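Working notes, structure below.
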Amino acid sequence: MLEIHHFSYGPVTPAVAYLMSFTGSLLGLQCAARARGGVGSRIGWLCGAAVAIGGTGIWVMHFIAMLGFSIGNATIRYDVPLTLLSALTAIGVVGVGLFVVGVIGAGEPRMVTLVPGGALTGAGVAAMHYTGMAAMRTDARLTYNPVAVAMSVLVAVVASTVALWFTLRVKRLATTVGAALIMAVAVCGMHFTGMAAIHADTVPHATAPSGAGASDLLAPLIALVSLTTTVVLLHVVTTDDSEYQPASRPRPESHARHAAEKQ
Numbered sequence: 003m004l005e006i007h008h009f010s011y012g013p014v015t016p017a018v019a020y021l022m023s024f025t026g027s028l029l030g031l032q033c034a035a036r037a038r039g040g041v042g043s044r045i046g047w048l049c050g051a052a053v054a055i056g057g058t059g060i061w062v063m064h065f066i067a068m069l070g071f072s073i074g075n076a077t078i079r080y081d082v083p084l085t086l087l088s089a090l091t092a093i094g095v096v097g098v099g100l101f102v103v104g105v106i107g108a109g110e111p112r113m114v115t116l117v118p119g120g121a122l123t124g125a126g127v128a129a130m131h132y133t134g135m136a137a138m139r140t141d142a143r144l145t146y147n148p149v150a151v152a153m154s155v156l157v158a159v160v161a162s163t164v165a166l167w168f169t170l171r172v173k174r175l176a177t178t179v180g181a182a183l184i185m186a187v188a189v190c191g192m193h194f195t196g197m198a199a200i201h202a203d204t205v206p207h208a209t210a211p212s213g214a215g216a217s218d219l220l221a222p223l224i225a226l227v228s229l230t231t232t233v234v235l236l237h238v239v240t241t242d243d244s245e246y247q248p249a250s251r252p253r254p255e256s257h258a259r260h261a262a263e264k265q
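Here it is in structure tokens:
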């Protein structure tokens with residue numbers, strides 16, 4: 003059995019991965035709060051939340067953590083189409099979950115859509131994780147502990163349900179920051195639970211794996227998703243909250259004044 007290292011660069015990669023997960027979660031919650039405040043732009047804000055949470059909070063976090071992953075002296079490369087598919091999966095499943103609880107579930111009791119939405123999103127996040135792992139090409143033979151895999155899926159479902167609940171509830175900056183910190187812990191917990199399921203063995207006479215190197219593939223993709231998230235962030239920062247708040251009802255004294263003028 004080959005020795006697996008999850009922190010080849012020490013605490014740097016997990017710390018940066020957590021920071022990116024927190025950033026994506028924080029921005030996603032801000033977008034979700036704006037989606038709750040208006041109707042015309044609700045879908046647009048939910049899409050922004052999906053890119054922030056799914057793209058940066060989950061996918062970028064996963065692959066930054068993977069930069070610190072190594073297997074003995076084995077070579078690790080990545081299949082480009084599968085890696086791209088994993089990114090689209092992360093954004094897509096978060097978008098579906100947000101749509102279920104934020105649009106389909108509007109006006110319904112929260113648990114009616116929160117539980118199925120969380121289960122669907124969690125299963126999708128787990129699918130993203132293992133699609134990303136399937137994209138990894140190495141000259142070692144990888145196997146997975148089924149119990150640890152099941153635990154990682156369970157953690158993903160719970161984390162996704164909590165994240166969707168936060169998107170329905172938090173609004174103030176302090177609570178949003180706290181929620182994002184918790185979401186980032188949950189996402190990182192799911193990732194490293196899934197990574198703990200891996201075992202690697204030597205393959206006699208193995209040929210060099212095909213695919214792109216981590217620095218050649220992951221760095222540009224991470225930069226692209228991060229740039230997209232930055233654009234969403236700038237839009238959030240420069241948007242007036244009042245534009246996305248429901249029209250305020252006239253105050254009682256206004257009604258009284260209007261009635262007095264008519265007399």
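If you count the sequence shown from 1, you need to add 2 to reach the working numbering.
All C-beta atoms, glycine included, are put in the ideal place defined by N, C-alpha and C.
Fair warning: this is a prediction, and the values are worked out from it, not measured in the lab.
Would you report the Cα separation of residue i and residue j, rounded to the nearest angstrom?
| i | j | result |
| --- | --- | --- |
| ALA225 | VAL98 | 24 Å |
| VAL102 | LEU116 | 8 Å |
| ALA182 | VAL189 | 10 Å |
| GLY104 | VAL96 | 12 Å |
| VAL18 | TRP167 | 25 Å |
| LEU4 | CYS49 | 42 Å |
| SER27 | PHE9 | 23 Å |
| VAL127 | THR91 | 8 Å |
| ILE184 | ALA54 | 16 Å |
| ARG174 | LEU235 | 17 Å |
| ALA198 | VAL151 | 9 Å |
| THR178 | CYS33 | 11 Å |
| ALA35 | VAL233 | 18 Å |
| HIS7 | GLY56 | 26 Å |
| VAL159 | LEU144 | 25 Å |
| GLY119 | ALA208 | 43 Å |
| ASN75 | TYR11 | 15 Å |
Under the DSSP definition of a beta bridge, which residues are partnered with residue i?
| i | result |
| --- | --- |
| ILE200 | TYR146 |
| ILE6 | ILE73 |
Secondary structure at residue i, three-state DSSP: helix, strand or coil?
| i | result |
| --- | --- |
| PRO208 | It should be noted that the sequence gives Ala, not Pro, for residue 208. Three-state DSSP puts ALA208 in coil, outside helix and strand. |
| GLY213 | coil |
| TYR273 | Outside the shown range of the chain, which is 3 to 265, sits residue 273, and nothing can be said about it. |
| ARG38 | helix |
| ARG139 | strand |
| TYR11 | coil |
| SER154 | helix |
| ARG44 | helix |
| ARG174 | coil |
Below 8 Å on the Cβ atoms is my contact criterion, and I expect residue i with residue j to pass it. Report the Cβ-Cβ distance as a whole number of Å.
| i | j | result |
| --- | --- | --- |
| ALA161 | MET192 | 5 Å |
| GLY180 | TYR80 | About 35 Å; that fails the 8 Å criterion. |
| THR15 | GLY70 | 3 Å |
| SER88 | GLY134 | 4 Å |
| ALA137 | LEU84 | 4 Å |
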